[in-house]
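Here is the structure we will look at, set down as structure tokens.
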Amino acid sequence: MPMGGAVARLSMLALGAVASGAFVVLLFPPWNAVWLAPLALLPALALLARTRTVIGGALMGSLFGLGYVLGYGEWVYASVHEGFGLRHMLSALVLVAAAALAAWPFAVFGAGAVALRRGRLPRALAPAIAWVAAEWCRVQSPEPLPWLRLGDALHDQPILLQPAELGGVALLSFLLALVNGLLFEAIRRGRAEARRPLAVALLIALLWFGGGAWRLAQWPEDGGGLRVALVHAAAPRVLHFDRETTERSLALHLDLTAQAVGQGAELVVWSESALDFLPEELPQDLDDRIAAALGFDPERRLLLGMHLREEGGLANGASLRDGSGREQARHAKHLLVPIVESIPGWLEELPRFRHRLKRFAAAQSYVAGRGARPLPAGEARLGVLICYETLLPRLARAAVAQGANLLVNPTNDAFFPDRGAEQHQVMAVMRTVELRRPLVRVANQGMSLVVDAGGRVRTRVALDERGVTLATVQPVQVTTPYVRGGHLWDEASWLLFALGCVPRRRSEAGL
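Each residue of the sequence shown is one higher than the last, beginning at 27 in this note's numbering.
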């Protein structure tokens, strides 16, 4: 083949790989085309089927990942441009660089899909095993950010979410990738030999729908419980630690809290960083003002997002206050946002960057919290997950293992454009089914939610809506198979990966 023709062919394959990654993003907000889920990986599988080497598969997988991350993460451009005040070109470079760094786990998907189709396991299993192995890499990377795993596409389909209590979102991703693999095998084999993979795909679908409907019916929709108030103030966040703005925000939150108490709230929840003072700058009468907003009722509780002074430095956290206004317990955030909350030393030394960083943070790195002890609020034991801590199932699982019976997710989505905020709430829903715990999510300039233990969204507050929303939440104390050991499904994918790489004999056939 002439050199020009080879370059053109490789260019088309590369563009196709990037486009196939971007295609999968249609499953998620704002499109939510979940009906595409059984077909979402077919373009990528078609390209990988033409790839002969494992190295070629890794390259194609990386390009797929680049398209995937650019597709869902285009909001990073607007966030960087508007938040840090960077120029358009530099903001675009930041987006591409971040996408390239986040795309590397998908090399495992591409390489695995090529290697596994030569092994002893059925060919249709190759995409599922390789995909879950890649997601494991996303979770276990030095800066874990498993934004929008494949199984997260089912966030608004409670019936299909139910297997998550067995193997978490990893099991949902496996099942979706398996169905894609079966349908691709049916297409590849042609009409004469397509019946077997199609029959298996249909059987999986029937068991999935039937079992999910049966399991969901065991979680009643109504019932008594704790009266929880979500205070969504939609407060602007332009300059961090600006005292005048912060005072107005505090007054607004206290006023909304008083309204919630007047409507019978027993637990009031504010968003992340709702109290945006440095610990040394807190108003002297803060406890008294909180007590007044809570009606001086010792049985009422307020969970508010604020900055904490912990051993080692400043922490992003949440403080639980009783009717006296005094702190009863606190939680410091474990998973820090790179660049914004955890700043590399070399970057911290750049004067211009430090000035820009003050728009978002204290111009210093936060310290990470330790431990997952729930915060006691009457009969409720609050497992607190701040901001994107809901992305990592292990943090919620640790809280539940220590007795949490209600998950609370204070977050500040003022960093995100609308699309990023819509995507952010998706991952939180998964934790409810995995752990069979209801979840209360309170967002500033984001989507506030109340989700029951069956994965059904009971309350959803629109973006940027200011006010108070009351909901009745029933704390749940059960232990799911996922907590007992189902969380190892990610690791099990590597065992299947190793087994699947054993070369098959020529006489062996599979799905």
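Glycine included, C-beta positions come from ideal geometry on N, C-alpha and C.
Reduced DSSP secondary structure (H/G/I, E/B, other) of residue i
| i | result |
| --- | --- |
| histidine 513 | helix |
| serine 350 | coil |
| methionine 332 | strand |
| proline 402 | strand |
| alanine 358 | strand |
| valine 51 | helix |
| proline 131 | helix |
| valine 366 | coil |
| valine 33 | helix |
| arginine 445 | helix |
| serine 519 | helix |
| threonine 416 | helix |
| proline 153 | helix |
| proline 69 | helix |
| proline 324 | coil |
| valine 434 | strand |
| leucine 119 | helix |
| arginine 407 | strand |
| alanine 300 | coil |
Exposure label - residue i; buried when at least 16 CB within 10 Å
| i | result |
| --- | --- |
| tryptophan 296 | buried |
| proline 529 | exposed |
| glutamate 247 | exposed |
| methionine 115 | exposed |
| arginine 78 | exposed |
| threonine 416 | buried |
| glutamate 191 | buried |
| glycine 87 | buried |
| threonine 506 | buried |
| leucine 228 | exposed |
| tryptophan 539 | Past the boundaries of the shown model lies residue 539; the chain is included only from 27 to 537, so the question cannot be answered. |
| isoleucine 81 | exposed |
CB contact flag (residue i, residue j, <8 Å)
| i | j | result |
| --- | --- | --- |
| arginine 335 | leucine 346 | no |
| arginine 222 | alanine 75 | no |
| alanine 104 | proline 324 | no |
| alanine 294 | valine 257 | Checking the sequence shown, residue 294 turns out to be valine, not alanine. Going by C-beta atoms, valine 294 is nearer than 8 Å to valine 257. |
| leucine 411 | alanine 422 | yes |
| serine 46 | phenylalanine 110 | no |
| alanine 34 | phenylalanine 49 | no |
| leucine 496 | alanine 318 | no |
| phenylalanine 210 | valine 158 | no |
| leucine 475 | alanine 447 | no |
| glycine 194 | tryptophan 515 | yes |
| arginine 467 | asparagine 435 | yes |
| glutamate 161 | alanine 125 | no |
| alanine 137 | alanine 152 | no |
Distance between beta carbons of residue j and residue i, contact taken as under 8 Å
| i | j | result |
| --- | --- | --- |
| leucine 465 | tyrosine 414 | Not really, about 14 Å apart at Cβ, beyond 8 Å. |
| glycine 99 | leucine 121 | 7 Å |
| alanine 543 | glycine 93 | Because the chain here runs from 27 to 537, residue 543 falls outside it and cannot be looked at. |
| aspartate 178 | asparagine 58 | Not really, about 11 Å apart at Cβ, beyond 8 Å. |
| alanine 128 | valine 165 | In fact, because the Cβ distance is near 12 Å, the residues do not count as touching under 8 Å. |
Beta carbon proximity, residue i to chain E, threshold 8 Å
| i | result |
| --- | --- |
| glutamate 337 | Going by chain labels, chain E is absent from the structure shown, which holds only one protein chain. |
Any non-hydrogen atom of the ligand MN within 7 Å of residue i CB
| i | result |
| --- | --- |
| arginine 217 | For the structure depicted, the ligand MN is absent and the ligand set is empty, with no information on it obtainable. |
Minimum length 3: unbroken beta strand (DSSP E) runs contained in the stretch 459-507: If only complete runs of 3 or more residues are kept, the stretch 459-507 shows the beta strand (DSSP E) at 465-470, 474-477, 483-487 and 493-499, in order along the chain.
Start-end ranges of the beta strand (DSSP E) lying completely within the stretch 179-215, minimum 3 residues: For the beta strand (DSSP E) assignment, the stretch 179-215 encloses no uninterrupted run of at least 3 residues.
Runs of alpha helix (DSSP H) lying entirely within the stretch 245-294, each at least 4 residues, in chain order: Under the rule that a run must span 4 or more residues, the alpha helix (DSSP H) segments found entirely inside the stretch 245-294 read 269-288.
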